[in-house]
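Beneath this line is the structure, given in structure tokens, with notes to follow.
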Amino acid sequence: MLGETGHFGEAAKRCNVSQPTLSVQVSLLEKQLGVMLIDRMPGQVMPTPVGAEIIAAAKVILNGLDEIRALAMGSKANLGGAIRLGVAPSFGPYFMPYLLPPLHQTYPELKVYIREDRPRQLERAVLQGETECGLGPLPSNEEGLVSFQICRERILLGVPKAHRLAAFDTITSQELRGEKLLTLGPGHRLMDEVRRLADMSGAVLAEEYEGSSLDAIRQMVSIEMGLSLFPELYVRSEFGKEDGIKLLTIEDWQGIRDIGFFWRRSSARGNHFEALAGLGRTVAERIFQSGDIK
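For the sequence shown, the UniProt record's numbering begins at 1 and goes up steadily by one.
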């Protein structure tokens, strides 16, 4: 708690102990370990370098204890009772409304705690034990994670309806030469896709603007500030006829991303997450077989 709050009083409050009690316990731990864990400054405390490493290790250990407790108290019938799930903002908010009803029907006593974060931060959170399981674009070449693909999602090009390319349903990448492409900020895998398309086509990344959300990017495209890429499930959920955007496919560019669940390879709850991912795959198949996009 000290590492999160930077203050003995606030940390003591969260731990439901008095400030002197917490201070004494930290001092005893420092004496036992033989190292200084906390730098004490007027009105603020912060972990020393070795203290920060020990805090990170302790989080992993405590997460392991939570997993053991879940395995002991839970059963396959309710996936251990609770799951801390992290979701990528370009997929999770548009998929969870489809997943949660059948999930609660199948596992009525299961509690799902959802955290939204950019894919790269989400992968790090799962590896460090801050989040048990992630949902979004699958990590690439991460040995510490197990991945379970649930679908392959198309990525479509959005152009203003007044744009010259709006007259077509399909274009080639070369027709984007010199066009301005809008993108989400660093940490979003969709930014990598936009950059890949720009490199291939000769389009220009709009360096002066990085969107914080797909909604923000959609609004910028609708007022003719540039073009951008939109994942299919987001389009199904959020696009309407009044958006002023025409959606196109690019015939010589593979606009597809692999979506799924991922968790730590060392997790003791792999069977729980596999069951969750299996249900997620069934739901995803139902969604993407349900007809054309808007």
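Idealized CB from N, CA, C, for every residue including glycine.
Everything numeric in this text was worked out from a predicted model, so none of it was measured.
If one requires a minimum length of 3 residues, the beta strand (DSSP E) runs lying completely within the region 138–203 are 145–160, 180–184, in chain order. Straight-line spacing of the CA atoms in Gln-19 and Arg-40 works out to 14 Å. In the displayed model, Gln-25 falls within a helix according to three-state DSSP. Pro-93 sits away from Arg-257, with the two beta carbons spaced by 7 Å or more. The beta carbons of Arg-286 and Ile-150 sit no closer together than 7 Å. Rounded to whole angstroms, Pro-101 and Asn-271 show a C-alpha spacing of 21 Å.
When DSSP states are grouped into helix, strand and coil, Phe-95 belongs to the helix group.
With at least 16 other beta carbons inside 10 angstroms of its own, Pro-89 counts as buried. Where Val-126 is concerned, the enclosing alpha helix (DSSP H) starts and stops at 119–127. Out of Glu-224, Gln-219, Ser-173, Ser-222, the CA that lies nearest to the CA of Gly-202 is found in Ser-173. Classified as exposed, Thr-21 has fewer than 16 neighbouring CB atoms from the shown chains inside 10 Å of its CB. For Ile-114, no alpha helix (DSSP H) run applies; the uninterrupted beta strand (DSSP E) run containing it begins and ends at 111–116, by DSSP.
Counting only residues of its own chain and dropping the five nearest sequence neighbours on each side, Leu-190 has a CB closer than 6 Å to the CB of Ser-90, Leu-184.
Per DSSP, the continuous alpha helix (DSSP H) segment holding Arg-218 begins and ends at 214–222. Look at Ala-206 here: in three-state DSSP terms it is strand. Counting other Cβ atoms within 10 Å of its Cβ, Leu-62 stays below 16 and is therefore classed as exposed. No residue range can be given for Thr-48, since it is assigned to no alpha helix (DSSP H) and is classified by DSSP as neither H nor E.
Counting only the Cα atoms, Glu-130 lies some 25 Å from Ser-23.
In this structure, the beta-carbon distance from Leu-181 to Leu-227 falls below 7 Å. One alpha carbon belongs to Val-26, the other to Leu-65, and they sit about 21 Å apart. In this structure, the alpha-carbon of Gln-44 lies about 15 Å from that of Gly-51. Taking the CA atoms as reference points, Asp-117 sits about 19 Å from Val-60. In summary, Phe-273 is buried, with 16 or more beta-carbon neighbours lying within 10 Å of its beta-carbon over all protein chains present.
With respect to Gly-144, Gly-86 sits apart: the two C-beta atoms are not nearer than 7 Å. Straight-line measurement puts the Cα of Pro-42 at about 42 Å from the Cα of Pro-139.
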